[in-house]
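As numbered in our numbering, residues 6 to 266 make up the sequence shown, in order. C-beta atoms are modelled at their ideal positions from N, C-alpha and C, and glycine is treated no differently. Just so it is clear, the structure is predicted and the values come from calculations on it, not from any experiment. Let me begin by presenting the structure, written as structure tokens, before commenting on it.
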Amino acid sequence: AARQTLIYQAMDWELPAFAHIPLIHGPDGAKLSKRHGAQAVGEFQDMGYLPEGLRNYLARLGWGHGDDEVFSDEEAISWFDVKDVVKAPARLDWAKVNFINSQHLHVAEDGRLADLTLKALQTQGAALPADAAARLHAVVPHVKSGAKTILELAEHCAFALKVRPLALEEKTLKQLTDETVERLTRLRAQLDAAQVWAVAELETLLKSFAESEAVGFGKFGPSLRGILTGGSQAPDLHKIMAALGRDESLGRLDDALASRA
Numbered sequence: 006a007a008r009q010t011l012i013y014q015a016m017d018w019e020l021p022a023f024a025h026i027p028l029i030h031g032p033d034g035a036k037l038s039k040r041h042g043a044q045a046v047g048e049f050q051d052m053g054y055l056p057e058g059l060r061n062y063l064a065r066l067g068w069g070h071g072d073d074e075v076f077s078d079e080e081a082i083s084w085f086d087v088k089d090v091v092k093a094p095a096r097l098d099w100a101k102v103n104f105i106n107s108q109h110l111h112v113a114e115d116g117r118l119a120d121l122t123l124k125a126l127q128t129q130g131a132a133l134p135a136d137a138a139a140r141l142h143a144v145v146p147h148v149k150s151g152a153k154t155i156l157e158l159a160e161h162c163a164f165a166l167k168v169r170p171l172a173l174e175e176k177t178l179k180q181l182t183d184e185t186v187e188r189l190t191r192l193r194a195q196l197d198a199a200q201v202w203a204v205a206e207l208e209t210l211l212k213s214f215a216e217s218e219a220v221g222f223g224k225f226g227p228s229l230r231g232i233l234t235g236g237s238q239a240p241d242l243h244k245i246m247a248a249l250g251r252d253e254s255l256g257r258l259d260d261a262l263a264s265r266a
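Here it is in structure tokens:
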């Protein structure tokens, strides 16, 4: 605080009581430096971290409030007391950074996350369909619980951004035997007749279909997943279909069935 003191004295301002948090060390215990990763705030943004998640983590470096790890800005402000700042150096823990950020991401507003995901994909130069924004707004609520950062969220949304007809993996093509195609054709009829296209109803429909066919889910689930996602990472089947919507889900299924006709 030596430089700040000189400024206050030169301006004839009342000198406050200065304090600072301890040094921040890298994961290896050495003083934090560029070799440990991102340094500028913008770099953390590019890595997919939310502002509130990063603020939460930084607040915990050298200070704490009991066992509370995840908290809002308002809670940090109301809880903070300089007497709780410790003297020992704090250590940057990337696993903890990811955990804290994931907790904030999971409760963040879906529309905001969709917009941030779109921006991240555009920054990466990804090829996107014209209705990418609408697709992201539809899929984010179904996949955000599995992501720790915006970049991971973008990966989880990839299946919904693919344009028909999807290129199916060799594994999926091998699964499309005559028996499986016939079974998926029967499933397609039931899906088309579904009165409500939502997560809970689709889950019930899939379970009922498996029971009516007297087969385990493995007899048609993997091939249906491959058809709907093109092999991309994705949530449970009923969530995939809810995220894609009725028309896109049935369209992808129709494409695959037509290719085997």
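For residue i: DSSP bridge partner residues
i, result
"D73", "H70"
"I29", "A95"
"K36", "H30"
Cβ-based burial, residue i [other Cβ within 10 Å; buried from 16]
i, result
"I232", "buried"
"K36", "exposed"
"G53", "buried"
"F85", "exposed"
"K176", "exposed"
"V145", "buried"
"S237", "buried"
"F49", "buried"
"L20", "exposed"
"F23", "exposed"
"M16", "exposed"
"T154", "buried"
"L178", "exposed"
Own chain, CB closer than 7 Å to residue i, minus 5 neighbours either side, in chain order
i, result
"A81", "A64"
"L123", "A137, A138, L141"
Residue i and residue j closer than 9 Å at C-beta
i, j, result
"T234", "K149", "no"
"A159", "A125", "yes"
"L55", "N103", "no"
"P170", "R257", "yes"
"A239", "H161", "yes"
"D3", "R60", "Missing from the structure shown is residue 3; the chain here goes from 6 to 266 and no further."
"E280", "H109", "Coverage of the chain is limited to positions 6 through 266, which leaves residue 280 absent and any answer about it impossible."
"L156", "S228", "no"
"H147", "V204", "yes"
"R265", "V220", "no"
"A143", "A248", "yes"
"G250", "W202", "yes"
6 Å Cβ shell around residue i - same chain, five flanking residues per side excluded
i, result
"H41", "G31"
"A289", "Coverage of the chain is limited to positions 6 through 266, which leaves residue 289 absent and any answer about it impossible."
"S213", "none"
"A215", "F222"
"L121", "I155"
Close Cβ partners of residue i (< 8 Å) along its chain, the five nearest in sequence each way excluded
i, result
"K92", "P27"
"D73", "E80, W84"
"A172", "G235"
"Q127", "L133"
"E174", "G231, G235, G236"
Reference residue i, options the options, closest by Cα
i, options, result
"L242", "A266, E218, A219, L207", "L207"
"D197", "F225, L210, L133, D51", "L210"
"R191", "V75, Q9, D259, K39", "D259"
"I29", "Q44, L20, A15, P21", "Q44"
"G67", "D98, K39, D51, M16", "D98"
"A194", "D51, S254, G151", "S254"
"A199", "M246, K179, V186, T185", "M246"
"K224", "R251, T185, L262", "T185"
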